[in-house]
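Below is one structure, written out as structure tokens, with a few remarks after it.
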Amino acid sequence: MSKAEETKTNTGSKRGFGDLGVLIALSLLAATFRGCNFSQPETTPASKLVNTSEITYNPDQFMYRTVTIRSKALDKVGPASFTVKDKQLFDSEPIVVVNASGVPFNLPADRDIEVQVTGSVRRLNIPQIERDYNLNLQDEYYKKYINKPAVIAQEIKVVPQQNQITQGIRQ
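Set out below in structure tokens:
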């Protein structure tokens, strides 16, 4: 083996250990950050639980924001909508909830059962909502709610009652 070949082999060998060190350092760094969660939390302040009266009295504060409300459903408004209202406040107006979740929702027969709705607050503008959410709403059902705050629901579910929760724990 000539002197030039020997030097070339030794230099490559030293470089190999340097590359190996960098590779090990990067692996350790990746392993360290793998357990960290850099995504947003599941519930952001924009989707906090709010009262319907807050939306009614301050609609601009909630417009185009995602909110979650819990309330007893009042009345069905068309095939895909219903109204909700804070029961303790008699002077607040009901808010229309438009089901845009793609999942049919039947109101509970027992009017004392609450529903939880998560969706975006919008002014009820039927043509705009139909376009934005690919819905087909019949205008005649919504006449008295036009341009008022509404929640365009992405999720609707029945809130379990206290006795249902305790029965589930016992089983």
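Every letter in the sequence shown is one number past the one before it in our numbering, and letter 136, counting from 1, is 308. Heads up, the beta-carbon is just placed ideally off N, CA and C, and yes, glycines get one too.
Give the secondary structure of residue i by DSSP, where H, G and I count as helix, E and B as strand, and everything else as coil.
i	result
G291	strand
K244	strand
K329	strand
L279	coil
L141	In the structure as shown, the chain begins at 173 and stops at 343. Residue 141 is therefore absent and cannot be evaluated.
P321	strand
A197	helix
P251	coil
Y314	coil
Applying the 10 Å Cβ sphere with the 16-neighbour rule, what's the burial state of residue i?
i	result
R283	exposed
I318	exposed
R303	exposed
I328	buried
N278	exposed
P321	buried
S199	exposed
V194	exposed
D191	exposed
N271	buried
DSSP has residue i in a bridge; who is on the other side?
i	result
I267	V256
L307	Per DSSP, none; premise fails for L307.
E286	K244
V239	G291
L221	T240
Tell me whether the beta-carbon of residue i lies closer than 8 angstroms to the beta-carbon of residue j.
i	j	result
Q344	G291	The first residue shown for the chain is 173 and the last is 343, placing residue 344 beyond what the model contains.
A245	P276	no
V323	V287	no
T345	E265	No answer is possible for residue 345: it lies beyond the span of the chain, which begins at 173 and ends at 343.
V256	S243	yes
I196	T224	no
G250	L296	no
V268	Y314	yes
V330	I285	yes
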